[in-house]
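Accompanying notes for the structure given below.
Chains as they are written, first to last, in this note's numbering: chain A, 2 to 276; chain B, 2 to 413; chain C, 3 to 262; chain D, 88 to 310.
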């Protein structure tokens, strides 16, 4: 008995890998279709903040994630852009992460086709080129953005665009949102939100989500979308279910697997110790 | 600068509405005590306007602010708000930079969007217009010279704290060099002794990894100090030590460290140059190779101390399954949960630095740690006194106390 | 000149993305993904090739972004327009590269000190305000109420709890006094707060990593469709065949490296 | 020579550092103009810092190939991968999408090569989390138990299936699992994280001071 248990504890880990593969792949082929309820408070706060902005407010969206964190952060970005454009807000897409430019192209291709076909580039939204020095750009955002963002990603002058009308610095914007898998949001909090008293919210990976608790409690961040659950919540809020919602559904079985594994192995350990 | 002319816009409005209100003309007294001055502590482009509270008479009225650049005269409306808004105590400035007078209102009026903001000074005229329904009244225009200032007084608390940290830092540096500073022993270091003792008993090797950080990173530096301590113990007990490396430069440094430890314990004969060896510069290949080695050799103890990223997961798991005593330490918060659940002892964040400083007695590491301790002591004191004072303020409804405490710890 | 232009045009035409290329893309993506996953079975040449491709392709992507979105609009075009002031940061930036040439590596110090001085000067006051003053302010903020009543008792309790835990954690990381008596008790409580933090982080990390895996599986599922001629199935089959063959050859040679 | 090699760079660091530090407290237009110029310049300088990473990667793999170090053949693929992106980028002028919204060869490489490679590298970790959970997650102390309890609630409460299980077993308490997570994230996590934060913050300030005053010079390389 003891021997069998010990053997069971030292099971080849590739069997566990296989179990995970099956439990994660199966719901992709055949979705469970469970509803995503219990929306997170911080996600609702982001939603409400955008909902309460006056029409044609300028929202700065800094997309700073690369393909490595795409499944978590891309649905967040898409949902936020949908919401902002539907609310008839102006959206400026910025990036300080060179890996993000391809993700942004993906969004740029989707806006005219399915996100918001009636919106016009240059009037309702603009896409800025990548800039290499985050702290310098952020400091400049509070003074005069045209000194660095004089041209958009296609090389057209930004100053005369209708979308930029009346926007000189973050003081003229309604809200800033940084979506990132790195520490870029921390920089935004210190270099822009606090320094220039600018309302910021964030979208981050689940891994870094708990670390932002202190900033949320002090109000340095107006809200936070965390990981795929956050993306699913946001999709629920804007009533437009996409990858986030189907993703969180597919994760269900795998999450239960982890719990079962931890509990089983520790029970076996106890049995081995006291029997 | 094109501005829509204001007067033509307002005049027809006045005429249109005047017949209905002509029946009962209630003259609205103009606002009193109106002053205009430069807004202190800013980059220019804003003026500080103050006036007496209009009181009950202005219930439902609005105030419009007009400004005119004396270099290019012409009145422009720059702000509009309900007459009851902007009492002086609402000004977003701390008590040391702003003394709110009761019964007065104040506004930091932005002129930069109307007249731009020159590098030098500009002279601007202001007047307030009180509007209630169809009737309105105006103050006499007041001139103010507006310019940028040399100090933002509302950031004084930040400046004082910054200067304090500078002073404490230089004091600790000089103190650490002259006399040394006290740092308590870290509990994790006792666990190291225990692990090495066990390895000696079992006659199996010890693995020590400094992680994937470069030599310029503080966790790596701390890790080399701890490696020195481990190597001393290993030399003493004559156990075998293996140090796989990710970075060739870190490897060169570690070779010196280990050699020095053997010399100190007077065991240069037992020192082997292949104790430190290079594995791979690729994160996952490194982890896979070290995994395979640990799996093969089943060491008695594994140390994972330094800067670790995703490979923490791979390394800590294999050590745990082979039954080694594991001691870990990293500054990466996201990796700490994995180390904590699969290792016997984990040095958390700053503990790692403290252990490094404790062992190396390096004045620079020690002084940094001391400044951090100073900061923590300050925070503890501030939180305790701050919350007690605020709670007292709440119980006794003593509002000024609460405002002072709150503004001391507010960043502007 | 025209001849060169023609060569360039026909060269560029090779890079036109046709529908056939899109299908082939599915095969490439499925192949690379499965090669990287094969590491789970054991370290193997396919994984190593894909891993090195990743390093190169990542750098290549960054390089082209810098080239077209930074160097061209921020350096080259202004210089063409006669704005010679950009030469100063450009030279400082290029000085960094001298680091690789030991004899003149000292030139890189000009660039580095320029960056480091600026960054350090910016970060000091901002850290004091964001991570220091505001965090103290945030901890004591729940006590800033006009009166204590049943309505805010929960937030007061939670606020007290945060402040208490915060101080205990600070005691855990306090190295200037021996951990004895009350200090030891406080730091022991502090570690439980840290554990709750790490536990929550662990739970969230599980979700994060699974989400990434879901993303890859979702793509693999897409490429397993008939549109892509069952790319996923075929690649997976080939790789399994390789491992079986590998094992057979190895066992004939008398063992090999033990996987784990 | 030491003056040019060492003293001037250290002076630049001190000068730029103190001026930039001061600009936070001095709101004057001159200080703002200075900061604006620095922001523009630093942005360009940082654009070249990328070359350091590129060259060190190329250099280390070139070294491996020229020495014929074990596994040098794989190093060739670093260059293959690089060209695989850069050549299409030059052909398509850095545009992943053409003006008519059609995918260019660069866009193709991005979607099918770069995205799969970079996405999968970290997706592999999900597998190790599961095996660590089974083979190494040991609840051997009260602290580890607390960690487990928090992790348990979070893992469960994040997915719909877990929420249903909680409602079935503990629904009678009247607390939703997300309420518990919310409390966890806004109370004990804030305390723990904030405690760690303060030390890191002051450590960062001290390092920055050391750099400004020229005490910390490791980034400058050896003399």
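Beta carbons are placed, not taken as given, at the ideal position from N, Cα and C, and that holds for glycine.
| query | Buried or exposed: which applies to residue 85 (chain C), given that a residue is buried once 16 or more other Cβ atoms fall within 10 Å of its Cβ? | reply | exposed
| Residues that residue 68 (chain C) contacts on chain D, provided the C-beta gap is smaller than 8 Å | 134 and 137
| field | Rounded straight-line distance, which links the Cα of residue 208 (chain D) to that of residue 82 (chain A) | value | 28 Å
| task | Could you have a look at residue 210 (chain B) and say whether DSSP puts it in helix, strand or coil? | result | strand
| said: Give me the residue from A:109, A:33, A:28 and A:53 with the minimum Cα distance to residue 78 (chain A). | reply: A:109
| Coil, strand or helix - residue 100 (chain B) by DSSP | coil
| Skipping 5 residues on each side, what residues in its chain have a beta carbon closer than 6 Å to that of residue 93 (chain A)? | 61 and 127
| task | Using three-state DSSP, classify residue 40 (chain A) as helix, strand or coil. | result | coil
| message | Could you check whether the segment 20-33 of chain A touches the segment 162-173 of chain A, counting it as contact only if at least three pairs of C-beta atoms, one from each stretch, sit closer than 8 Å? | response | no
| query | Does the beta-carbon distance from residue 191 (chain D) to residue 179 (chain D) come in below 9 Å? | reply | yes
| query | Nearest CA to the CA of residue 283 (chain B): which residue from C:92, C:50 and C:98? | reply | C:50
| Near residue 88 (chain D), which residues of its chain fall below 8 Å by C-beta distance, leaving aside the five closest residues on each side in sequence? | none
| request: Note down, one range per segment and in chain order, each beta strand (DSSP E) of at least 3 residues found wholly within the segment 188-253 of chain C. | output: none
| task | Indicate the three-state DSSP secondary structure (helix, strand or coil) for residue 24 (chain B) in the structure shown. | result | Caution applies to residue 24 (chain B), whose pLDDT of 47 falls short of 50 and renders its modelled position unreliable; the value that the coordinates give is listed next. In the structure shown, residue 24 (chain B) sits in coil (DSSP, three-state: anything other than H, G, I, E or B).
| field | Coil, strand or helix - residue 403 (chain B) by DSSP | value | helix
| Between the CA atoms of residue 60 (chain C) and residue 104 (chain D) - distance to the nearest angstrom | 33 Å
| Would a check of beta-carbon distances place residue 106 (chain A) closer than 9 Å to chain D? | yes
| Nearest candidate by alpha-carbon position, reference residue 203 (chain C), set A:158, A:214 and A:199 | A:214
| task | Determine the closest residue to residue 165 (chain B) out of C:211, C:64, C:126 and C:42, with distance taken between C-alpha atoms. | result | C:126
| request: Apply the 10 Å Cβ neighbour rule to residue 54 (chain B) and answer buried if 16 or more other Cβ atoms are within range, or exposed otherwise. | output: buried
| said: Considering only the alpha carbon of each residue, which of B:98, B:380 and B:306 lies closest to residue 244 (chain B)? | reply: B:306
| task | Drop a sphere of 10 angstroms on the beta-carbon of residue 326 (chain B), count the other beta-carbons inside from all chains shown, and report buried for 16 or more, exposed for fewer. | result | buried
| request: Drop a sphere of 10 angstroms on the beta-carbon of residue 270 (chain B), count the other beta-carbons inside from all chains shown, and report buried for 16 or more, exposed for fewer. | output: exposed
| Cα-Cα separation between residue 403 (chain B) and residue 90 (chain D), rounded to whole angstroms | 55 Å
| said: Bridge partners for residue 382 (chain B) per DSSP, in chain order? | reply: DSSP output for residue 382 (chain B) lists no bridge partner at all.
| residue 40 (chain C) versus C:238, C:121 and C:166, residue with shortest Cα-Cα distance | C:238
| message | By the 7 Å beta-carbon criterion, what residues does the segment 200-213 of chain C contribute toward chain A? | response | 202, 203, 206, 207, 208, 209, 210, 212 and 213
| message | Suppose contacts are defined by Cβ-Cβ distances below 9 Å. Is residue 67 (chain C) in contact with residue 159 (chain A) by that definition? | response | no
| said: Bridge partners for residue 150 (chain B) per DSSP, in chain order? | reply: For residue 150 (chain B), which the question treats as bridged, DSSP gives no partner whatsoever.
| Based on the DSSP secondary-structure assignment, which residues constitute the bridge partners of residue 170 (chain C)? | Looking at the DSSP assignment, residue 170 (chain C) forms no beta bridge with any residue, so it has no partner.
| message | I'd like the span of the beta strand (DSSP E) that includes residue 77 (chain B), first residue to last. | response | 73-83
| field | Outcome for residue 10 (chain C) when other beta-carbon atoms lying within 10 angstroms are tallied against a minimum of 16 | value | exposed
| task | Please determine if the segment 286-304 of chain D and the segment 366-374 of chain B are in contact, where contact requires at least 3 C-beta pairs separated by less than 8 Å. | result | yes
| Proximal chain D residues relative to residue 160 (chain C), where beta-carbon distance stays under 9 Å | 270, 273 and 274
| request: For residue 151 (chain D), return the contacting residues in chain A, with the cut-off set at a CB-CB distance below 7 Å. | output: Here the premise fails: no neighbours, minimum Cβ distance about 25 Å.
| Interface residues of chain C facing residue 125 (chain D) [CB-CB closer than 8 Å] | 120
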